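Chains A, R, P, G and V, in that order, are what the protein sequence lines are.
Numbers in the working numbering are just positions in the first sequence, counted from 1, shifted up by 5.
Numbers in the working numbering are just positions in the second sequence, counted from 1, shifted up by 5.
Numbers in the working numbering are just positions in the third sequence, counted from 1, shifted up by 5.
Numbers in the working numbering are just positions in the fourth sequence, counted from 1, shifted up by 5.
Numbers in the working numbering are just positions in the fifth sequence, counted from 1, shifted up by 5.
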Amino acid sequence: MNSTVLSTETTAIANENKAEKVKITLVEFNETEYDEQVFTDINECVKHTKKNTIKWINIDGIRDIDMIERIGKLFTIHPLTLEDILNTIQRPKFEDYEHYVVAIMKMLYYNNGLQSEQLSILLFENNTVISFQEEHKCNVLDTIRTNIRQGKGRIRKFGADYLAYSLIDAVVDCYFGVLEKIDDDIELLEEELVGDPDKQTLTRLHHMKRQMIFLRKAVWPLRELINNIERSETKLIKQSTTIYLRDVLDHTIRIIDTVESFRDLLSSMMDVYLSSTNNKMNEVMKVLTIITTLFVPLTFIVGVYGMNFDYMPELHSHWGYFGVWGVMIIIFIVLLIYFKRRKWL
Amino acid sequence: MNSTVLSTETTAIANENKAEKVKITLVEFNETEYDEQVFTDINECVKHTKKNTIKWINIDGIRDIDMIERIGKLFTIHPLTLEDILNTIQRPKFEDYEHYVVAIMKMLYYNNGLQSEQLSILLFENNTVISFQEEHKCNVLDTIRTNIRQGKGRIRKFGADYLAYSLIDAVVDCYFGVLEKIDDDIELLEEELVGDPDKQTLTRLHHMKRQMIFLRKAVWPLRELINNIERSETKLIKQSTTIYLRDVLDHTIRIIDTVESFRDLLSSMMDVYLSSTNNKMNEVMKVLTIITTLFVPLTFIVGVYGMNFDYMPELHSHWGYFGVWGVMIIIFIVLLIYFKRRKWL
Amino acid sequence: MNSTVLSTETTAIANENKAEKVKITLVEFNETEYDEQVFTDINECVKHTKKNTIKWINIDGIRDIDMIERIGKLFTIHPLTLEDILNTIQRPKFEDYEHYVVAIMKMLYYNNGLQSEQLSILLFENNTVISFQEEHKCNVLDTIRTNIRQGKGRIRKFGADYLAYSLIDAVVDCYFGVLEKIDDDIELLEEELVGDPDKQTLTRLHHMKRQMIFLRKAVWPLRELINNIERSETKLIKQSTTIYLRDVLDHTIRIIDTVESFRDLLSSMMDVYLSSTNNKMNEVMKVLTIITTLFVPLTFIVGVYGMNFDYMPELHSHWGYFGVWGVMIIIFIVLLIYFKRRKWL
Amino acid sequence: MNSTVLSTETTAIANENKAEKVKITLVEFNETEYDEQVFTDINECVKHTKKNTIKWINIDGIRDIDMIERIGKLFTIHPLTLEDILNTIQRPKFEDYEHYVVAIMKMLYYNNGLQSEQLSILLFENNTVISFQEEHKCNVLDTIRTNIRQGKGRIRKFGADYLAYSLIDAVVDCYFGVLEKIDDDIELLEEELVGDPDKQTLTRLHHMKRQMIFLRKAVWPLRELINNIERSETKLIKQSTTIYLRDVLDHTIRIIDTVESFRDLLSSMMDVYLSSTNNKMNEVMKVLTIITTLFVPLTFIVGVYGMNFDYMPELHSHWGYFGVWGVMIIIFIVLLIYFKRRKWL
Amino acid sequence: MNSTVLSTETTAIANENKAEKVKITLVEFNETEYDEQVFTDINECVKHTKKNTIKWINIDGIRDIDMIERIGKLFTIHPLTLEDILNTIQRPKFEDYEHYVVAIMKMLYYNNGLQSEQLSILLFENNTVISFQEEHKCNVLDTIRTNIRQGKGRIRKFGADYLAYSLIDAVVDCYFGVLEKIDDDIELLEEELVGDPDKQTLTRLHHMKRQMIFLRKAVWPLRELINNIERSETKLIKQSTTIYLRDVLDHTIRIIDTVESFRDLLSSMMDVYLSSTNNKMNEVMKVLTIITTLFVPLTFIVGVYGMNFDYMPELHSHWGYFGVWGVMIIIFIVLLIYFKRRKWL
């Protein structure tokens, strides 16, 4: 059994040292132009940027610490921010430094169980957004890139802060997919509960609860994060973008509400499981009692006439045997009627 | 089994594309005049509006996205508001834009289970209220139209903000109907619990809990919504109307209190169900034990005299058989007295 | 079974139309004078008021809507206030209008179950207090009238706001009586639990929980109500009276604390009930097991010697029969010792 | 069974009238002087006070209402304060009047169950502290008197406000003693749970929970009380004393934390008890099943050869009897192995 | 069984008097210099301090009260602070005095159960940090000393406030180790639950819950503590250090979240345990019922033909015996099929 609750926490910094190749994607655009290039070195990348465009530099993979540090120097990022970007067991948070703001979030996806990947979004003064993606497992960002390329929606007309908002929005939206998956699982489990619950149902229920505990830990800080963005007095985020943030906030609150509903539901389902087990036992009990009650008195009666006393008048009566059968059948029927009345049958 | 908790969430935007005919109802009135017209096109509708009247445009059906977008342009509605109107899995909310305010709510009704329909209410500067109703399943708004036509109550004397309040009030009031229906269901369930609970009772209990979880999710944001209206600094809502909003707020708090009471009650009922099941098992247990305890010793005794030993003096005694019967009857009576004392009978 | 939780809510406005006779009691007093008169018409009543006195007009019965509306016009009461007075499923609340303040409360009393009656208290500028009592079932107000008549306490020396405070204080105080009654009931139930709990105990426990849920719903708004009075900036309530309100607030907090304690206690009692049922089952189980364990092996032995094999040497031994008895008695004793060790006996 | 939860509330004002002798202890001190005198009349006491000293007047017993009222007049105490002092079912509170402040607290002690006694502390302008002790059962105050006499600690050097603080501190400290007693009880109970829980354990668990509910009701207001002192703008308490109050506040928070921990612990223990009962039943169940499973088939076999058919070939075989024994022993051993595998033995 | 919840509270001041040798370690450093010395007397230590360095005086062992008091006088520490340092059952707290600030924390470590040790950190005006460690059991501080010596990280470049932060950070970090240990334990317990839970599992579950209650009590004040540091207006902590404190705050919130998750998880596990026990009983029940149901009717049948009636026609039929066997085998098979259908086999 895998420890879902802490999984993101314990597998963390361990393999930091393994220097992986980092993939740097530069997307530049304004209302009329669009350009997309891939680099492996940050200096190369910075050289190629043009004026009068919104620049989005996405870094896939955060294991090459040297590179990250060079990026840090190039953009004068505070060492604590760099530590937060590298430390993937980070709690989601928003921080406001003088010349940039940073939001660190978890992208959730469902792939043989709940998985999470860290995305750090930095918004700089000169219309630049830098995003660090832990590994390239969750392809949420690709959709945004396609949107920009095709000039769909508002994204090409607005500034870098709207781009940053779009990234946050995309991350929050992928939570809904996870919730729908869980909703399906819960429904399946409910059908199992009503149908024929067994030991596996219990294990599955517990597993769902575990996931809910994990989800909750991931979801609650999100609300705080977006609240903090709204309340922050940074000049990097324009008033017109704040209105969109309010919308994301609404989404996070809806996610939280849903997670809480799931928790309540699972709690109720555990009760149902327990009651259901009791009901089953009750039924087994009844069968046992019926059998015992029906046959034990009869067995006693036949035992009586199996005794070897010299003088037992009934034994010698011609109709004795059939008389006993008659008595036994009457007892049997009376008991059956009794059970019917008690609603045991 | 239908997923009540998420039902409103998963059946959402899916069929957006299916262009349905939209029905536009224009109601114009002031203290002396009243006019009601039905259109299928918004431009037609706007042409027909008169001066010096309060205008209420109700749109039934939100699937014709083109129409909605044209309305949006005509009244310069923010794109986010339009998205919120179209997205029926929206969390209830109030937002304050410069030249209009918008409240998005859920109308609840009971029709083979809890159902909900979205109503968006927009209040504009020029004495205009636009309402978007998801589908025309809940006929709450008709009552208001009748009231206006007949000039009942305060509605003809007050402005557009009072009309908007009336819509909100009507939506909140229909929650009480739902609560009464649930109250009846709970009472029926309680009688079942006290009487003869079976497996169906458990399923029904769980189903009620599910509904309560759904209701809770629908009801809590309502309070926040009305709080936000009160606290907003919009000039569209006059001081004199705020006093009525305070009243609606009181109603929502009462609804929340009642939902919480129901939750507590259902929780207690689950406990009662579990205890009740245990009590039943206990009773079955007792019957089993009584039968076993009464007959097993007797069966042993008759077994003794069924043995085939050559030398068993009792067998040859003339009164042996009747003596054994006597002993058995005494044991039987002693055990019965014992059970009476233990209050098992 | 009566639905206590909603009872006050569903039996509400129904019989509004039935015009009952309304009884109007006018009490006028100052430090030296005292006068008490009964009217059936409000105009008559108002004509008889004197100058320089504190006037308390109490209306018993709120079904005569015409009368209530005339009172409303006479004292220029806001229509919403009138609605609140008439609507007896109102949530307790305090509201501050320009020339008067209004507090709507529930009087609780215990009469074959928890009952409640609505009392609305209006304090006007010209030293006038009007109180509307739903029906005259709860005689709390009589005590205050007696106090005024006899000039006991501070009530004759202080203004109309102190009179209003006295009414509120009287209502809050009658909650303590209800709590004491419930405390007694809980104690009885606890004795039952420790003694011999049966199915009735469970029903009673659930019934108590129901009452607690109802009480809670009635009590929590009380605190808010008095808080609101304290925080309101009305000039109708003097500084010197605020100190007394602080005292009532303390009382309501104590009531809330006690209700919460009762809830906790009942929760613990439900656990005890469940455990107690289990314990009982355990005991029944033990008896069953002891009987089975004692007699089943013996029955087997006697069965052995009931077999009809031609060649069974023991059968022909002279001491066979007594030997078998000996063996069986030894087994019996050994098992008894075994049970003693296991503490089953 | 005594009702611990409400005991302090219901035995309250009842015997107010029984005039007991009141004992008045006057302690006067400054850095150099110390004097202690006992009076029975308050006027006598006031006459004997000296200038330039801190005066602490302690009144033991609050049943002599006349005396209390005379004290009230002498020191111009607000009638509500006097009521609070006399009403021993008061919720702990702090109030700030113009020329004095008053703190009313509960002293807790453990004497055949949790007991409480009310202490009211009044701090006046002219370096005077008056304390009213309900009955003289709890001797916490004696320790302070001893400290003053011996000039230990800071108490002689600081003002009357420090003396008042010392009284509050002493009351709070005596809660720790109670908590330790309860901790011991819980530990004993836990050992019982792990060892051999019986019906008494359940009753004791419930009793502990009751005490915890009572304690909680007593402890929570304490925090608020001290918070209120700190936040009050009275000039009677110097800045230098506030720092000590912060310390008492810390203590009360620690007490609250501990009470909450105990509650959680008891909750867990109730679960353990329930599980433990189930485990026991399980074991009994197993024994029953083993016995039944071992002997019922064997009894069937011996029954077969007890049948009286004319033609039963096995009966006449010379080795039939021993063969049957062999078969039965084999079945017995096979079943034993089966149970071992199922871990029932 | 050891009382984990209160252990730190009851073993407290008891052995205060036992004067242990105190070990004083002075670490002085700035960007270029580093010096470390060990003393047994504080005066010696103070004499040896140099100018222009950051001074860290660590005191191991707090039982030598004289020494502590001398330190108090030397650095003019408020008596309450000294009491707090000595009293190891202190609640973690931060206090801001005029010329110094003090943070008192618990270091947690896992050594045959959860252990805690108190660390008090005082930050003075003249670049001095004094830390008091209860006993030298937890070697967290050694790591910091090594860091300073080797000039790793930022610690040599920043001021005394950063040193104080480092100490706090180190204490908070050691909580993560404890959490990981507990996470492992919980996983082991979960495997046990799914596999073969026994009575030990229950005891272990309860023990884990106990630890969680203890942890919670230790962890919650931590958040408040760091919040208080941030909010305090002391000039001793520079703005640049506050940003690091925000980071520690994030860590403490993560710790709290994890502890709460563990609590939820353990709660769910208790449910699983209970259900699991029920399932087991259910299975035992089934075996019992199957055996009884299979053999009791058969035993009845063989009993019938063991009766000694003179006239029983079947007995004399040549195929009677084999016929009975046939009937019995058919009954047996029919019952087996019935059980298969009921899924009992």
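In this text, a Cβ means the ideal position worked out from N, Cα and C, and glycines have one as well.
All of these numbers come straight from a predicted model, not from anything done at the bench.
Put simply, the backbone Cα of residue 314 of chain P is about 59 Å away from that of residue 211 of chain A.
Here the alpha carbons of residue 202 of chain V and residue 274 of chain G stand approximately 18 Å from one another. Taking a cut-off of 8 Å for Cβ pairs, the segment 228-240 of chain A and the segment 142-160 of chain A do not touch, as fewer than three such pairs fall below it. The beta carbon of residue 283 of chain G sits closer than 9 Å to some beta carbon of chain P. Counting every other CB atom within 10 Å of its CB across the protein chains shown gives residue 138 of chain R a total of 16 or more, marking it as buried. The beta carbon of residue 175 of chain V lies closer than 6 Å to those of 145 and 149 in the same chain, with the five residues before and after it left out. Cβ contact annotation for residue 60 of chain R (same chain, cutoff 6 Å, sequence separation greater than five): 33, 54 and 133, in chain order. If you draw a 10 Å sphere on the C-beta of residue 226 of chain V, you find 16 or more other C-beta atoms in it, and that means buried. The Cβ atoms of residue 304 of chain R and residue 305 of chain A lie closer than 9 Å to each other. If you look at residue 67 of chain G, you'll find it isn't in any alpha helix (DSSP H); DSSP assigns it neither H nor E. A check of alpha carbon separations from residue 41 of chain G across G:196, G:147 and G:347 identifies G:147 as the nearest. The C-alpha of residue 80 of chain P is placed about 38 Å away from the C-alpha of residue 98 of chain R.
Interface residue (Cβ-Cβ distance to chain A less than 9 Å): residue 323 of chain R is classified as such. Within the segment 330-348 of chain P, those residues whose Cβ lies closer than 9 Å to any Cβ of chain R are, in chain order, 330 and 333. A direct Cα-Cα distance of roughly 31 Å separates residue 244 of chain P from residue 168 of chain G. The Cβ of residue 105 of chain R sits no closer than 9 Å to any Cβ of chain A.
The C-beta of residue 281 of chain R has 16 or more other C-beta atoms within 10 Å across all chains shown, which makes the residue buried.
For residue 38 of chain R, no alpha helix (DSSP H) run applies, since DSSP gives it neither H nor E.
Taking C-beta atoms as the reference points, residue 235 of chain A and residue 220 of chain A fail to come closer than 9 Å. Judged by beta-carbon spacing, residue 129 of chain R lies within the 9 Å limit of residue 241 of chain R, meaning their Cβ atoms are closer than that value. Under the 9 Å criterion on CB atoms, residue 252 of chain P is classed as non-interfacial with respect to chain R.
Residue 78 of chain G and residue 43 of chain G have their alpha carbons spaced roughly 21 Å apart. At a Cβ-Cβ threshold of 9 Å, residue 64 of chain G and residue 87 of chain G do not count as neighbours. Counting along the chain, residue 137 of chain V sits inside the beta strand (DSSP E) bounded by residues 133-138.
Going by C-alpha positions, residue 66 of chain V is about 30 Å away from residue 183 of chain G. Closer than 8 Å at the C-beta level to chain V, one finds no residue of the segment 66-80 of chain G. Residue 113 of chain V and residue 263 of chain V have their C-alpha atoms some 15 Å from each other.
In the displayed model, residue 119 of chain A falls within a strand according to three-state DSSP. Contact between the segment 323-336 of chain R and the segment 328-337 of chain P is absent: fewer than three C-beta pairs spanning the two stretches fall below 8 Å. For residue 266 of chain P and residue 223 of chain P, the gap between their C-alpha atoms comes out near 16 Å. One Cα belongs to residue 179 of chain V, the other to residue 246 of chain V, and the distance between them is close to 21 Å. For residue 58 of chain G, the CB contacts under 8 Å within the same chain, skipping 5 residues up- and downstream, are 33, 34, 35, 38, 40 and 132 in chain order. Excluding its 5 nearest sequence neighbours in each direction, residue 110 of chain R has C-beta neighbours in its own chain below 6 Å: 97, 124 and 176, listed in chain order. Using a CB distance cut-off of 9 Å, residue 309 of chain V counts as an interface residue toward chain A.
Note that the C-beta distance between residue 122 of chain G and residue 103 of chain G is not below 9 Å. By the C-beta density criterion, residue 291 of chain A is buried, having at least 16 other C-beta atoms within 10 angstroms.
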